[in-house]
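Engineer: This note's numbering numbers the first residue of the sequence shown as 30 and each following residue consecutively.
All C-beta atoms in this analysis are idealised placements derived from N, C-alpha and C, irrespective of residue type, glycine included.
Starting off with a structure, shown below.
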Amino acid sequence: AVNILTFSSNGKYLAAASHNTMSYEIWNASSGEELPGLNSYSGYTYELAFSPQGNRIAAAFSDNTARLRDASTGNELAIMIHNDDVNDIAFSPDGIHLATASSDDSIRIWDVMDQEPISLNHGDYVFSVAFGLKGKLIATGSRDGSARIWNATTGMELQKLPHKNYVYSVAFSPDGKTL
Numbered sequence: 030a031v032n033i034l035t036f037s038s039n040g041k042y043l044a045a046a047s048h049n050t051m052s053y054e055i056w057n058a059s060s061g062e063e064l065p066g067l068n069s070y071s072g073y074t075y076e077l078a079f080s081p082q083g084n085r086i087a088a089a090f091s092d093n094t095a096r097l098r099d100a101s102t103g104n105e106l107a108i109m110i111h112n113d114d115v116n117d118i119a120f121s122p123d124g125i126h127l128a129t130a131s132s133d134d135s136i137r138i139w140d141v142m143d144q145e146p147i148s149l150n151h152g153d154y155v156f157s158v159a160f161g162l163k164g165k166l167i168a169t170g171s172r173d174g175s176a177r178i179w180n181a182t183t184g185m186e187l188q189k190l191p192h193k194n195y196v197y198s199v200a201f202s203p204d205g206k207t208l
């Protein structure tokens, strides 16, 4: 069963994965041709995200990694490591940063060029991460029953929004003013 299906923002690529397979596929959306270079992994695929430019794809895995690939060639560009499952990933609007959310209670904001992360501690499993409209804010959702808003540059927690149960998903409104 396909659990994840996403198009690149330019509409050139389509990617699909299933939680019960240890791989994902990318196709040229207009020709239907499957692109080369994707391998099986040692963990299940939890999430896929294309960069805003559509030239890179990131994948979150149960093997404690997120992996960044060139979308057209499949060449692996980076492996980002956590201490537990990587549950979600999100690119910043400019494509320079990639945020990863993990069951190791952390969020990491990676510079995709040098892979040096800023680490944020949520205090419990982090299920979801999203960048705000301008990339200055990050929102997270956690097993601790909260959504939080963070400064994406400094890592400072700006606001904690309590809920009665787990927060599995977060998203900013299109204008970036509402979570």
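Use the C-beta contact count for residue 40: other C-beta atoms within 10 angstroms, 16 or more gives buried, fewer gives exposed.
Structural biologist: It is exposed - the Cβ of residue 40 has fewer than 16 other Cβ atoms within 10 Å.
Engineer: Tell me, please, whether the stretch 178 to 188 touches the stretch 162 to 170 by the rule of three or more beta-carbon pairs shorter than 8 Å.
Structural biologist: Counting Cβ pairs under 8 Å, three or more are found: they touch.
Engineer: DSSP puts residue 171 in a beta bridge; with which residues?
Structural biologist: Answer is 155, bridged to residue 171.
Engineer: On the DSSP bridge list, what partners appear for residue 188?
Structural biologist: DSSP lists 178 as partners of residue 188.
Engineer: I'd like the span of the beta strand (DSSP E) that includes residue 194, first residue to last.
Structural biologist: Unbroken run through residue 194: none, as it is neither H nor E.
Engineer: Taking the alpha-carbon positions, what's the residue 54 to residue 83 distance?
Structural biologist: Whole-angstrom Cα-Cα distance: 15 Å.
Engineer: State the Cα-Cα distance for the pair residue 206 and residue 162, rounded to the nearest angstrom.
Structural biologist: Cα-Cα distance, rounded: 9 Å.
Engineer: Can the beta-carbon of residue 152 be found less than 7 Å from the beta-carbon of residue 134?
Structural biologist: Yes, the Cβ-Cβ distance between residue 152 and residue 134 is below 7 Å.
Engineer: Cutting at 7 Å between CB atoms, please list the residues of its own chain near residue 197, excluding the five before and the five after it.
Structural biologist: For residue 197, where only same-chain residues beyond five positions count, the Cβ hits under 7 Å are 156, 157, 170.
Engineer: Does residue 114 pass the burial test, meaning 16 or more other C-beta atoms within 10 Å, or should it be called exposed?
Structural biologist: Buried.
Engineer: Tell me whether residue 117 is buried or exposed, calling it buried when 16 or more other Cβ atoms sit within 10 Å of its Cβ.
Structural biologist: Per the 10 Å Cβ criterion, buried.
Engineer: Run through DSSP, which three-state label would residue 14 get?
Structural biologist: Within the shown structure, residues of the chain are numbered from 30 to 208, placing residue 14 beyond reach of any answer.
Engineer: Just to check my reading of the structure: residue 160 and residue 128 have Cβ atoms closer than 8 Å, yes? What is that Cβ distance to the nearest angstrom?
Structural biologist: Residue 160 to residue 128, Cβ: 7 Å. Contact.
Engineer: Mark residue 102 as exposed unless 16 or more other C-beta atoms lie within 10 angstroms of its C-beta, in which case mark it buried.
Structural biologist: Flag for residue 102 reads exposed.
Engineer: Within 10 Å of its beta-carbon, does residue 187 have 16 or more other beta-carbons around it, so buried, or fewer, so exposed?
Structural biologist: Residue 187 comes out exposed.
Engineer: Considering only the alpha carbon of each residue, which of 131, 38, 105 lies closest to residue 124?
Structural biologist: Checked all of 131, 38, 105; the closest Cα to residue 124 is 38.
Engineer: Indicate whether residue 184 and residue 149 have their beta-carbon atoms separated by less than 7 Å.
Structural biologist: Their beta carbons are under 7 Å apart, which means residue 184 touches residue 149 by this criterion.
Engineer: Residue 88 by DSSP, collapsed to three states: which one?
Structural biologist: Strand at residue 88.
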